[in-house]
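Written below as structure tokens is the structure these notes are about.
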Amino acid sequence: MDVVARRRGRPRKAPVVPAAQVPRTGLHEQAAGRLRDMIVRGVLPAGASLVETDLSVALGVSRTPLREALKLLAAEGLVELHQNRSARVPDWTPEEILELFEALAGIERLTAELAAPRISETLMDALRGKQAQLDRMHRDQVLDAYFALNQEIHRTIVEAARNRPLAEAHAALQARAQWARLRALSSGSRWEESAREHRDLFEALAARDAAAAGTVAHRHVLRTGVVIAETLQARRTDPAAP
244 MDVVARRRGR PRKAPVVPAA QVPRTGLHEQ AAGRLRDMIV RGVLPAGASL
294 VETDLSVALG VSRTPLREAL KLLAAEGLVE LHQNRSARVP DWTPEEILEL
344 FEALAGIERL TAELAAPRIS ETLMDALRGK QAQLDRMHRD QVLDAYFALN
394 QEIHRTIVEA ARNRPLAEAH AALQARAQWA RLRALSSGSR WEESAREHRD
444 LFEALAARDA AAAGTVAHRH VLRTGVVIAE TLQARRTDPA AP
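This note's numbering numbers the first residue of the sequence shown as 244 and each following residue consecutively.
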């Protein structure tokens, strides 16, 4: 069943992909995971209204765990909840995206600076393998797998920094950041640019160069925010813009 979406006053259909019923254990967390993925990948687009009855059927859960799932996603900034119990996917503005990535760039600069001298040889070896995989995925143009591994590499660097408050701050921004990062990578030129930045960041970490790692990480993250903010601004000016 379709979820009816309204954006800028125009009715739209936001497709909900039918799927097998969610297992009974951890219903609200599993439903939240499914919805998170649908929002990040644009199955439920920005501005889409989230109709409880339709989502209950699509996810195979009752409305109680669904409401708990929506609360989880609201805490992550992926859902807006209103007093009349309606919910929707936020229609992010260019300014909101830029602010998000300014904050995330600062966090990732510091985590990279801390990770460079602190990363263990075990994690460094794991990162080396992941970087080699990332290069192959970029060469073969496998976007979904590249995107998933890209996020894993960012989390590995945060782990290597060994700073719990920074890790918590980073995790709090990740859901919204993933929405924007996937759209940025969908641009061929940004994907190429991002792949180069990842190689530069790996080399700085391998050299234990904290200053270089921080500079590359900050530039890499902020550039993604700028690309998406510019794209959203272009669509404001010309709704037909890609």
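The C-beta atom is built at its ideal place from N, Cα and C for all residues, glycine as well.
Problem set entry | Coarse secondary structure for Ala289, derived from DSSP in three states | Numbered from its first residue, the sequence shown carries residue 289 at position 46. Correct three-state label for Ala289: coil.
Problem set entry | Buried or exposed by the 16-neighbour rule on C-beta atoms within 10 Å, applied to Thr480 | Indexing the sequence shown from 1 puts residue 480 at position 237. Note on Thr480: under 16 other CB atoms within 10 angstroms of its CB, so exposed under the neighbour-count rule.
Exercise. Can you find a CB in chain B that lies within less than 8 Å of the CB of Pro288?
Worked result: The structure shown contains no chain B, having only a single protein chain.
Exercise. Which two residues bound the contiguous alpha helix (DSSP H) that contains Ser329?
Worked result: On the sequence shown, position 86 is the one that residue 329 refers to. According to the DSSP assignment, Ser329 belongs to no alpha helix (DSSP H), since it is labelled neither H nor E.
Problem set entry | Cβ pair Glu295, Leu315 closer than 8 Å | The sequence position of residue 295 within the sequence shown is 52, counting from 1. The sequence position of residue 315 within the sequence shown is 72, counting from 1. It is not a contact, given that the beta carbons lie outside the stated cut-off.
For this session: Go ahead and pull the three-state DSSP assignment for Arg398.
Result: Counting from one through the sequence shown, the residue named residue 398 turns up at place 155. In this structure, DSSP gives Arg398 a helical state, which the three-state scheme calls helix.
Exercise. Looking at the unbroken alpha helix (DSSP H) that takes in Glu272, where does it start and where does it end?
Worked result: On the sequence shown, residue 272 is found 29 positions in, with the first residue counted as 1. Per DSSP, Glu272 is one residue of the alpha helix (DSSP H) stretching across 270-283.
For this session: Since I believe Ala460 is in contact with Ala355 (beta carbons under 8 Å), could you give me their beta-carbon distance rounded to a whole number of angstroms?
Result: Here the question's residue 355 lines up with position 112 in the sequence shown. Here the question's residue 460 lines up with position 217 in the sequence shown. Here Ala355 really is in contact with Ala460; their C-beta atoms are around 4 Å apart, less than 8 Å.
Exercise. Can you round the beta-carbon distance between Leu287 and Ala330 to whole angstroms, since I take them to be within the 8 Å contact cut?
Worked result: Counting from 1 along the sequence shown, the entry for residue 287 is found at position 44. Counting from 1 along the sequence shown, the entry for residue 330 is found at position 87. In fact, because the Cβ distance is near 11 Å, the residues do not count as touching under 8 Å.
Problem set entry | Through-space distance from Ala275 to Arg284, alpha-carbon basis | Mapped onto the sequence shown, residue 284 falls at position 41. Mapped onto the sequence shown, residue 275 falls at position 32. Their Cα atoms are separated by approximately 14 Å.
Problem set entry | Supposed close pair Ala453, Ala346 - CB separation, criterion 8 Å | Residue mapping note: residue 453 aligns to position 210 of the sequence shown, counting from 1. Residue mapping note: residue 346 aligns to position 103 of the sequence shown, counting from 1. Going by Cβ atoms, the distance from Ala453 to Ala346 rounds to 21 Å, so no, they are not a contact pair.
Exercise. Skipping 5 residues on each side, what residues in its chain have a beta carbon closer than 6 Å to that of Glu435?
Worked result: The residue labelled residue 435 in the question sits at position 192 within the sequence shown. Excluding residues within five positions, none has a Cβ falling inside 6 Å.
Exercise. With 16 other CB atoms within 10 Å as the buried threshold, where does Val322 fall?
Worked result: Here residue 322 corresponds to residue number 79 of the sequence shown, with the count starting at 1. Of the residues assessed, Val322 falls on the buried side of the cut-off, its CB having 16 or more other CB atoms within 10 angstroms.
Problem set entry | Every unbroken alpha helix (DSSP H) inside the segment 395-450 [4 residues or more] | Runs found: 407-428, 431-449.
Problem set entry | Leu321, DSSP secondary structure in three states | Taking the first residue of the sequence shown as 1, we reach residue 321 at position 78. In the structure shown, Leu321 sits in coil (DSSP, three-state: anything other than H, G, I, E or B).
Exercise. Around the C-beta of His325, are 16 or more other C-beta atoms found within 10 angstroms, so that it is buried, or is it exposed?
Worked result: Mapped onto the sequence shown, residue 325 falls at position 82. Sixteen is the threshold: since fewer than 16 other Cβ atoms of the shown chains lie within 10 Å of the Cβ of His325, the residue is exposed.
For this session: Whole angstroms is fine: what's the gap from His381's alpha carbon to Leu392's?
Result: Taking the first residue of the sequence shown as position 1, residue 381 is located at position 138. Taking the first residue of the sequence shown as position 1, residue 392 is located at position 149. Roughly 11 Å separates the two Cα atoms.
Problem set entry | Exposure of Gly468, with buried meaning 16 or more beta-carbon neighbours within 10 Å | Here the question's residue 468 lines up with position 225 in the sequence shown. Only buried fits Gly468, as 16 or more other CB atoms lie within 10 angstroms of its CB.
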